[in-house]
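Notes for the one structure printed next.
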Amino acid sequence: MRRAGRGRAAALLLLAAAPAGAEQGAAAAPRAASARALADDAAERAVAAALRDRAGGWIGRVYAERGYRPLWAAGGRLGPAADALLDDLETSTLDGLDSSYGARELRAQLAAARQRGDADGVARVELALSKAFTRYVRDQRRARDVGMIWADPSLKPKRLKPEAVLRAAAFPRSFNDYVAGMEWMSPHYVRLRELVARARRDGVAPADEQRLRRNLERARLLPGPWTRHIVVDASSGRLWYYEAGRQAGTMKVVVGARETQTPLLAGVVQWAIVNPYWNVPTYLARKSVAPKVLAGRSLASLRMEALSDWSAAARPLPAGAIDWHAIAAGTREIRLRELPGRGNSMGRVKFLFPNDEGIYLHDTPDRELLDRDDRHLSNGCIRLEKAPVLARWLTGRPLPASTRNPEQAVALQVPVPVYLTYLTATESKARVAFRDDIYGRDAARS
């Protein structure tokens with residue numbers, strides 16, 4: 007497009023400088039462009055006809071759905087996506103994969119097809135590229151065991167069908183950008199893959215390359231940006247959310263301390279709870295609340311209440327009816343919850359994704375914690391810098407300005423996956439670097 011723009015500017019300059027016959031020359035340019043468009047259309051129809059003759063089985067079904075329009079070629083010519091794929095295939099060892107997927111032979115076939123320009127040759131290379139692409143993506147997306155808790159089993163990666171890979175690739179607006187940006191993988195995976203390549207060029211210690219590999223395996227479990235989802239990295243203390251092929255936003259978060267780690271976990275956010283209670287963990291009731299009550303504090307001064315049990319029909323208990331010595335000793339348990347409102351540990355909203363670890367995303371009144379560089383300070387849950395912003399993205403509407411009604415549940419129209427991961431690898435001054443392995447997950451085989 008830029009070359010075409012320069013051509014039009016040059017034509018205008020010629021018209022100004024040479025009045026005789028210039029109009030005829032300018033008029034010829036659109037006719038030439040129209041002729042090229044007709045030629046490109048004819049070439050593309052010829053390639054489609056060749057694909058119809060050659061494509062069978064699953065790949066034939068995918069191309070039939072497309073009306074046999076090629077993916078890798080336009081105007082009868084194989085485009086830059088083919089070169090980008092071959093670059094990826096030739097460096098597949100960066101993904102921990104052994105095969106080169108016949109990249110050398112494919113490159114030779116690509117060069118020959120470009121030189122000849124015949125429709126049948128283009129169709130042959132088109133199909134070969136699609137088959138290599140689907141095989142590579144399926145291998146690249148294959149999950150390794152890194153200790154991820156699949157709170158929602160539907161999120162656990164399954165072996166992709168080749169036709170699903172090719173259909174997904176045809177969905178984005180720009181196939182060239184999709185292939186060049188490796189957009190079927192998480193942006194975090196693509197970044198780490200580049201760090202592995204840089205480490206090989208610069209030369210790093212084997213132990214550091216092994217750490218990179220472990221980071222890469224964790225990132226392999228994350229979806230690409232075309233899936234609407236949330237990622238929380240417990241190493242950097244950051245959250246990202248994605249949709250429609252792009253990062254829609256990011257924010258700082260407070261995550262679990264060394265002793266109360268945020269787990270590797272994948273679940274699905276289904277509800278936002280506005281003006282929430284905070285159900286106090288039993289160990290905190292024992293270690294923190296009971297000693298304060300025994301020292302003379304009232305539950306009311308702590309903005310808490312005790313309940314008879316953990317059911318929805320639980321009734322309030324008077325503090326005087328509770329054996330606080332037994333609670334402090336750990337021989338009895340009690341259900342305590344912090345009342346909604348200003349200062350509540352959950353802030354204005356929490357986001358629930360069912361899991362057995364008691365982990366959720368929530369607002370926080372302790373804003374100063376978000377200003378720290380090291381934000382490993384929570385009991386495992388994720389405290390959000392911009393909870394109202396995330397609420398609007400998830401629910402499509404703003405939080406109410408104020409409300410006295412506790413525990414207002416807002417169901418998400420479409421539940422959103424959330425992935426809690428741990429990525430210590432980063433870069434500093436254009437070199438591979440690592441954040442502190444505060445959870446010890448890089449040192450132990452994960």
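Using this note's numbering, you'd call the opening residue of the sequence shown number 7 and step up by one each time. Every residue, glycine too, gets a C-beta built ideally from N, C-alpha and C. Values in this document were obtained by computation on a predicted structure and should not be read as measured data.
Beta-bridge partners of Trp-156, as assigned by DSSP: Counting from 1 along the sequence shown, the entry for residue 156 is found at position 150. Partner(s): Ala-272.
Pairing CB atoms from the segment 69-81 with CB atoms from the segment 39-50, are three or more of them under 8 Å? yes
Around the Cβ of Ala-26, are there at least 16 other Cβ atoms within 10 angstroms (buried) or fewer (exposed)? Here residue 26 corresponds to residue number 20 of the sequence shown, with the count starting at 1. Because Ala-26 carries a pLDDT of 49, less than 50, the predicted location of this residue cannot be relied on, and no value is offered for it.
Roughly how far, in whole angstroms, is the beta-carbon of Glu-413 from the beta-carbon of Asn-281, given that I think they are within contact range, below 8 Å? In the sequence shown, residue 413 corresponds to position 407, counting from 1. In the sequence shown, residue 281 corresponds to position 275, counting from 1. Right, their Cβ atoms sit about 7 Å apart.
Report the three-state DSSP secondary structure of Val-210 (helix, strand or coil). Taking the first residue of the sequence shown as position 1, residue 210 is located at position 204. Residue state, collapsed to three classes: coil.
Which of the three DSSP states is assigned to Tyr-195 in this structure? Translated into the one-based positions of the sequence shown, residue 195 becomes position 189. Three-state result, Tyr-195: helix.
Alpha carbon to alpha carbon, how far is Arg-120 from Asp-377? Taking the first residue of the sequence shown as 1, we reach residue 120 at position 114. Taking the first residue of the sequence shown as 1, we reach residue 377 at position 371. Computed Cα separation, rounded: 56 Å.
Return the CA-CA distance between His-331 and Leu-300, expressed in angstroms with no decimal places. Within the sequence shown, the letter at position 325 stands for residue 331. Within the sequence shown, the letter at position 294 stands for residue 300. So the two alpha carbons sit approximately 8 Å from each other.
Pairs of beta-carbons, one from the segment 357-367 and one from the segment 333-346, closer than 8 Å: are there three or more? no
Using the beta-carbon count (16 or more within 10 Å), is Tyr-366 buried or exposed? Locating residue 366 in the sequence shown gives position 360, counting from the first residue. Flag for Tyr-366 reads buried.
Should Asp-239 and Thr-370 be called a contact, given that it needs their Cβ atoms to be closer than 7 Å? One-based indexing of the sequence shown puts residue 239 at position 233. One-based indexing of the sequence shown puts residue 370 at position 364. Cβ distance not < 7 Å, so Asp-239 and Thr-370 don't count as in contact.
Classification of Ser-307 by the beta-carbon crowding that lies within 10 angstroms, buried from 16 upward: Position 301 of the sequence shown, counting from 1, holds the residue named residue 307. Counting Cβ neighbours within 10 Å, Ser-307 comes out exposed, since fewer than 16 surround it.
Just to confirm my understanding: we take Ala-449, look at its own chain, exclude 5 residues before and 5 after, and list those with CB closer than 7 Å. What are they? The sequence position of residue 449 within the sequence shown is 443, counting from 1. Excluding positions up to five away in sequence, the list reads Asp-443.
Can you pull the DSSP bridge partners for Pro-423? For this step, residue 423 is matched to residue 417 along the sequence shown. The partner list for Pro-423 (beta bridge, DSSP) reads Val-274.
Using the Cα positions of Gly-66 and Leu-133, report the straight-line distance between them to the nearest angstrom. Here the question's residue 66 lines up with position 60 in the sequence shown. Here the question's residue 133 lines up with position 127 in the sequence shown. If you take the alpha carbons of Gly-66 and Leu-133, they lie about 9 Å apart.
Segment limits, alpha helix (DSSP H) that includes Ala-114: As a working note, residue 114 is residue 108 in the sequence shown. Element bounds for Ala-114: 109-122.
Could you check what DSSP says for Asp-369 in three-state terms: helix, strand or coil? As a working mapping, residue 369 is identified with position 363 in the sequence shown. If DSSP states are grouped into helix, strand and coil, Asp-369 belongs with coil.
Between the alpha carbons of Ala-439 and Asp-372, how many angstroms are there, rounded? Along the sequence shown, read from residue 1 onward, the residue named residue 439 stands at position 433. Along the sequence shown, read from residue 1 onward, the residue named residue 372 stands at position 366. Cα to Cα, the separation comes out at about 30 Å.
Which one or two residues does DSSP pair with Leu-201 in a beta bridge? In the sequence shown, counting from the first residue as 1, residue 201 sits at position 195. In the DSSP output, where bridge partners are listed per residue, Leu-201 has none listed.
Decide if Ser-304 is buried, meaning its Cβ has at least 16 other Cβ atoms within 10 Å, or exposed. As a position in the sequence shown, residue 304 is number 298, starting the count at 1. With fewer than 16 Cβ atoms within 10 Å of its Cβ, Ser-304 is classed as exposed.
Terminal residues of the beta strand (DSSP E) in which Val-295 lies: Counting from 1 along the sequence shown, the entry for residue 295 is found at position 289. Where Val-295 is concerned, there is no enclosing beta strand (DSSP E), given that its DSSP letter is neither H nor E.
According to DSSP, is Lys-137 helix, strand or coil? To locate residue 137, count along the sequence shown from 1; it is residue 131. Lys-137: helix per DSSP, three-state reduction.
Pick from Gly-386, Leu-270, Asp-104, Tyr-283 that is closest to Arg-410, judged by C-alpha positions: Counted from its first residue, the sequence shown places residue 410 at position 404. It is Tyr-283.
Which first and last residues belong to the alpha helix (DSSP H) in which Arg-354 is found? Along the sequence shown, read from residue 1 onward, the residue named residue 354 stands at position 348. Annotation for Arg-354: no alpha helix (DSSP H) segment contains it, and DSSP assigns it neither H nor E.
Looking at C-alpha atoms only, which residue of Thr-233, Ala-272, Gly-364 is the closest neighbour of Ala-250? Sequence index remark: in the sequence shown, residue 250 carries index 244 (1-based). Comparing Cα-Cα distances from Ala-250 to each of Thr-233, Ala-272, Gly-364, the minimum goes to Thr-233.
Counting along the chain, where does the alpha helix (DSSP H) carrying Asp-461 start and finish? Lying before the first or after the last residue shown, residue 461 is absent from the chain, which here runs from 7 to 452.
DSSP bridge partner residues for Lys-258 (one or two, in chain order): Start at 1 with the first residue of the sequence shown, and residue 258 comes out as number 252. According to DSSP, which records beta bridges pairwise, Lys-258 is partnered with Arg-244.
Report the residue from Pro-404, Glu-189, Arg-220 whose alpha carbon sits nearest the alpha carbon of Gly-446. As a first step, residue 446 is located in the sequence shown; it is residue number 440 there, counting from the start. With distances taken between Cα atoms, Gly-446 lies closest to Arg-220.
How would you write the range of the beta strand (DSSP E) that Thr-401 sits in, first residue to last? Sequence index remark: in the sequence shown, residue 401 carries index 395 (1-based). Element bounds for Thr-401: not the beta strand (DSSP E) but the alpha helix (DSSP H), 393-401.
N- and C-terminal bounds of the alpha helix (DSSP H) containing Phe-181: Numbered from its first residue, the sequence shown carries residue 181 at position 175. Segment 181-186, the alpha helix (DSSP H) holding Phe-181.
Which residues does DSSP list as the beta-bridge partners of Ile-388? One-based indexing of the sequence shown puts residue 388 at position 382. Per DSSP, Leu-367.
Does Gln-253 pass the burial test, meaning 16 or more other C-beta atoms within 10 Å, or should it be called exposed? In the sequence shown, the residue the question calls residue 253 occupies position 247. By the 10 Å Cβ count, Gln-253 comes out exposed.
Is Trp-156 closer than 7 Å to Lys-164 when the C-beta atoms are compared? Translated into the one-based positions of the sequence shown, residue 164 becomes position 158. Translated into the one-based positions of the sequence shown, residue 156 becomes position 150. For Lys-164 and Trp-156, no; Cβs fall outside 7 Å.
Contact check, Ala-296 vs Ala-320 under 8 Å by CB: the rounded distance? Here residue 296 is taken as the residue at index 290 of the sequence shown, counted from 1. Here residue 320 is taken as the residue at index 314 of the sequence shown, counted from 1. The pair is not a contact, with the Cβ atoms about 19 Å apart (cut-off 8 Å).
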